[in-house]
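Visitor: Residue numbers (our numbering): 5 to 380.
Every residue gets a Cβ at the ideal spot worked out from N, C-alpha and C, and that includes glycine.
Remember, it's a predicted structure, so these values are computed and weren't measured experimentally.
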């Protein structure tokens with residue numbers, strides 16, 4: 005299997021985004037469901053907010069990376085047709101209304117910075133590679149990157165494949181304006197029917213779509229339709245269970261609850277976070293018709309605690325990814341699913357940060373890269 009290593013350069017996104025093309029308009033997404041009741045949260049094994057607020061941690065002991073949570077004010081944004089009129093949840097901005105999308109990650113500059121760290125963190129997991137599919141550079145002419153986020157994967161791929169046209173899609177126009185000439189960004193909700201013609205792309209990248217996709221089988225059917233015969237589709241997905249082989253991630257701990265809330269949040273919102281646990285990539289790729297499906301399962305430590313150097317590096321970069329915007333990762337789910345206040349979420353975030361920095365807690369999660377070929 006051949007795949008190419010990426011240049012170590014990862015360009016930073018400037019503050020002013022490029023204006024991508026909006027390809028289609030769709031009905032506005034449905035209103036978010038009411039938060040889980042206290043009874044439902046208890047039945048799901050979610051500890052109440054008071055569990056965390058009553059266990060205060062000294063300020064000097066934990067640099068929680070979420071100090072702004074306590075000062076957030078809820079605002080009601082006026083509706084606008086502008087793609088730059090973002091929704092706000094406890095002071096953080098999220099994409100404007102497009103299709104049926106309802107992203108749980110913010111789109112403000114702080115989270116864009118965190119996305120860029122995540123890009124490098126996933127590269128570390130893949131051994132410095134952008135992809136694991138056996139691509140032949142001369143045959144790759146048109147590439148699609150779904151949910152491109154900050155756009156770094158699309159930019160780096162375009163640098164590595166200068167003769168290929170790379171299209172990155174997202175529901176937020178947060179990508180940089182200075183990009184290689186063979187890159188463009190478009191506004192597209194991947195949950196809608198894709199608007200490209202059949203047999204268009206030589207490679208399709210689907211990375212970190214946890215909590216985004218309504219119907220994974222429909223997603224891979226779309227990918228199959230627009231992929232050229234003989235081309236590859238690749239998916240990076242994660243699990244939501246925080247594991248430990250030695251029992252150091254204890255029931256009721258902040259890291260265990262982190263996974264529990266995301267699992268229940270996915271159920272409530274109808275957009276699962278348990279991609280790895282449900283074996284979704286394999287099942288949906290097979291159902292769509294892909295062949296020669298291969299996998300690489302990856303253990304990702306939460307922190308640099310692992311004695312093996314490669315795994316410790318993975319853990320360090322994932323810890324940095326989370327800490328870059330801890331409150332951004334929990335803000336939407338903890339607000340919309342649990343109905344917690346900013347101060348309650350802040351208390352929980354501080355406990356997560358403490359556990360991430362405890363070398364005696366050996367937590368990790370599982371990720372999977374899956375790739376398959378459309379028959380010729």
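(1) If you follow the alpha helix (DSSP H) that residue 172 is in, where does it begin and where does it stop?
(2) Among 370, 243, 354, whose alpha-carbon lies nearest the alpha-carbon of residue 57?
(3) Pairing CB atoms from the segment 362-373 with CB atoms from the segment 234-254, are three or more of them under 8 Å?
(4) Could you give the distance in angstroms between the alpha-carbon of residue 229 and the alpha-carbon of residue 289?
(5) Compare the beta carbon distance of residue 286 and residue 302 with 8 Å and say whether it is the shorter of the two.
(6) Between which two residues does the alpha helix (DSSP H) carrying residue 150 extend?
(7) So within the segment 208-291, which uninterrupted alpha helix (DSSP H) runs reach at least 4 residues, ignoring any that extend past its ends?
(8) Looking at residue 198: is its Cβ nearer than 8 Å to the Cβ of residue 284?
(9) Buried or exposed: which applies to residue 186, given that a residue is buried once 16 or more other Cβ atoms fall within 10 Å of its Cβ?
(10) Under three-state DSSP, which class holds residue 297?
(11) Count the C-beta pairs between the segment 230-246 and the segment 204-217 that are closer than 8 Å, then say yes if the count reaches three, no if not.
(12) Helix or strand or just coil, what does DSSP make of residue 337?
(13) Quick test of your reading: residue 212 and residue 242, contact by CB under 8 Å. State the CB separation rounded to the nearest angstrom.
(14) Once you ignore the five residues that flank residue 53 on each side, which residues in its own chain have a CB closer than 7 Å to its CB?
(15) Considering only residues of the same chain and omitting the five flanking positions on each side of residue 34, which have a CB-CB separation below 7 Å?
(16) With a threshold of 8 Å, are at least 3 pairs of Cβ atoms found where one atom belongs to the segment 268-275 and the other to the segment 161-173?
(17) Considering only their Cβ atoms, is the gap separating residue 252 from residue 49 smaller than 8 Å?
(18) Alpha carbon to alpha carbon, what distance is there between residue 380 and residue 295?
(19) Going by DSSP in three states, residue 27 sits in which element: helix, strand or coil?
(20) What does a CB cutoff of less than 6 Å around residue 266 pick up in its chain, not counting 5 residues either side in sequence?
(21) Between 240, 270, 258, which lies nearest to residue 360 when the distance is taken from Cα to Cα?
(22) Would you call the segment 114-132 and the segment 318-327 in contact, with 3 or more CB pairs under 8 Å?
(23) What is the rounded straight-line gap between the Cα of residue 117 and the Cα of residue 328?
(24) Is it buried or exposed for residue 375, if we count other Cβ within 10 angstroms and need 16 for buried?
Guide: So, from the data block:
(1) Segment 169-174 is the beta strand (DSSP E) holding residue 172; no alpha helix (DSSP H) there.
(2) 354
(3) yes
(4) 12 Å
(5) no
(6) Run containing residue 150: none in the alpha helix (DSSP H); it sits in the beta strand (DSSP E), 146-150.
(7) 220-230, 258-273
(8) no
(9) buried
(10) strand
(11) yes
(12) helix
(13) 7 Å
(14) 344, 348
(15) Low per-residue confidence applies at residue 34: pLDDT is 48, beneath 50, and the placement is therefore not dependable enough to give any value.
(16) no
(17) no
(18) 10 Å
(19) Note that residue 27 scores a pLDDT of 46, beneath 50, so its modelled location is shaky and nothing firm can be said.
(20) 244, 277
(21) 258
(22) yes
(23) 7 Å
(24) buried
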